[in-house]
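Counting in full-length UniProt numbering, the final residue of the sequence shown is number 216, and the numbers go up one at a time with none missing.
Don't be surprised by glycine CBs; every beta carbon is placed ideally from N, CA and C.
This one's a predicted model, so the numbers in the text were calculated from it and none came from an experiment.
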Amino acid sequence: MRAALSLAPCLRKVYVEGEAELVEDVASMLSATACVIAGLKLSISGSSGAALSRTILQAVHSLGGLKVVDFETSSALDTTDSELLHLVYSLQGLRELKIFIKHDETPQQVLLSRQEPSLTTFWYYTYTVYSEPWLHLFLETHAATLEEVDLTEHYDDGEVYLTLRTLPKLRSVNCPPVPAALDFIRQSLQLRSVSFTPDIVEIFDSPTAAALQALY
1 MRAALSLAPC LRKVYVEGEA ELVEDVASML SATACVIAGL KLSISGSSGA ALSRTILQAV
61 HSLGGLKVVD FETSSALDTT DSELLHLVYS LQGLRELKIF IKHDETPQQV LLSRQEPSLT
121 TFWYYTYTVY SEPWLHLFLE THAATLEEVD LTEHYDDGEV YLTLRTLPKL RSVNCPPVPA
181 ALDFIRQSLQ LRSVSFTPDI VEIFDSPTAA ALQALY
């Protein structure tokens, strides 16, 4: 990796995975490189995993060009870390975000920088309903640009689907078969792709069926 970071002017994606103490050298290299990285996937476990993730994110983003951040497989990463979540939210210019949230505190407005909408793709995973404020924050902030939303693990049967109805460019949704989701899909004529594993018979009787190009 050292050679690649030293010689390449840019890299499409870097994946950092492992115990914090085993990837400290990698974090140091990423913090010192001038190589622009477009995609970053982090799964760093251990007591200092969140701190190392923050260091890497800040360094890579500061070079410009970071468009994709992936925490989707990072259940081992301490995403109860408030500083890490606030940092991820503050990253300007991201196009895709996959994030696993275990945080049970609401976002602190004083720590939230002004953010312009940029995300087109957003994957959200959680084990706790208490992370919902973060879900709503990301959806509302990037409402003007979001095209694809994945809420596979989100079983709330309420407000989130009202928020999804306000996304003018939304074309693809992956969600569980809760009543609110089914109602949202039946009424959303702009959708072109829907993915879930419910009894989908009711959807075929809705106006949405004629517009769908993909159903999984």
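Do the CB positions of Thr-194 and Val-173 come within less than 8 Å of each other? Before going on, a small fix: residue 194 reads as Val here, not Thr. Yes, they are a contact pair.
Once DSSP output is grouped into helix, strand and coil, what is the label at residue 240? The displayed coordinates of the chain run from 1 to 216. Any statement about residue 240 would go beyond what the structure contains.
Could you name the residues of the same chain whose beta carbon sits closer than 8 Å to that of Arg-171, not counting the 5 residues immediately before and after it, in chain order? Around Arg-171: Glu-147, Glu-148, Gln-190, Leu-191, Arg-192, Ser-193.
On the CB-based measure, 16 or more other CB atoms within 10 Å of its CB, does Glu-116 come out buried or exposed? With fewer than 16 other CB atoms across the displayed protein chains lying within 10 angstroms of its CB, Glu-116 is exposed.
Give me the residue from Thr-152, Ile-44, Arg-114 with the minimum Cα distance to Asp-81. From the listed residues Thr-152, Ile-44, Arg-114, the smallest Cα separation to Asp-81 is found for Ile-44.
Based on Cα-Cα distance, which residue from Pro-9, Gln-109, Ala-59, Val-68 lies nearest to Phe-122? The residue from Pro-9, Gln-109, Ala-59, Val-68 with its alpha-carbon nearest to that of Phe-122 is Val-68.
Looking at Ser-6 and the ligand MG, is the gap between the Cβ and the nearest heavy atom below 7 Å? Absent from the structure shown: the ligand MG. Ligands present: none.
Grouping DSSP H, G and I as helix and E and B as strand, with all else coil, what is Glu-148? Glu-148: strand per DSSP, three-state reduction.
Alpha carbon to alpha carbon, what distance is there between Leu-85 and Gly-65? If I take the Cα positions, the gap works out to 20 Å.
Let me make sure I understand the geometry here. Which of Leu-119, Leu-5, Thr-152 has the alpha-carbon closest to that of Phe-138? Per the Cα distances, Leu-119.
Here's a check: name, in chain order, each residue in its chain whose Cβ is nearer than 6 Å to the Cβ of Glu-17, leaving out the five neighbours to either side. Closer than 6 Å at Cβ, skipping near neighbours: Ser-43.
Please classify Leu-22 as buried or exposed, where buried requires at least 16 other C-beta atoms within 10 Å of its C-beta. By the C-beta density criterion, Leu-22 is exposed, having fewer than 16 other C-beta atoms within 10 angstroms.
Let's test the definition: count the other Cβ atoms within 10 Å of the Cβ of Thr-166 and tell me whether it reaches 16, buried, or not, exposed. Under this definition Thr-166 is an exposed residue.
Classify Ala-38 as helix, strand or coil using the three-state DSSP reduction. In the structure shown, Ala-38 sits in a strand (DSSP, three-state: E or B).
Alpha carbons only, please: which of Arg-114, His-142, Leu-151, Met-29 is nearest the one belonging to Arg-95? Of Arg-114, His-142, Leu-151, Met-29, the residue nearest in Cα terms is His-142.
On the CB-based measure, 16 or more other CB atoms within 10 Å of its CB, does Ala-34 come out buried or exposed? Only exposed fits Ala-34, as fewer than 16 other CB atoms lie within 10 angstroms of its CB.
I'd like the span of the alpha helix (DSSP H) that includes Leu-182, first residue to last. Counted as a single uninterrupted DSSP element, the alpha helix (DSSP H) harbouring Leu-182 occupies residues 179-187.
Under the three-state DSSP convention, the category Thr-163 falls into: Of the three classes helix, strand and coil, the one that applies to Thr-163 here is helix, per DSSP.
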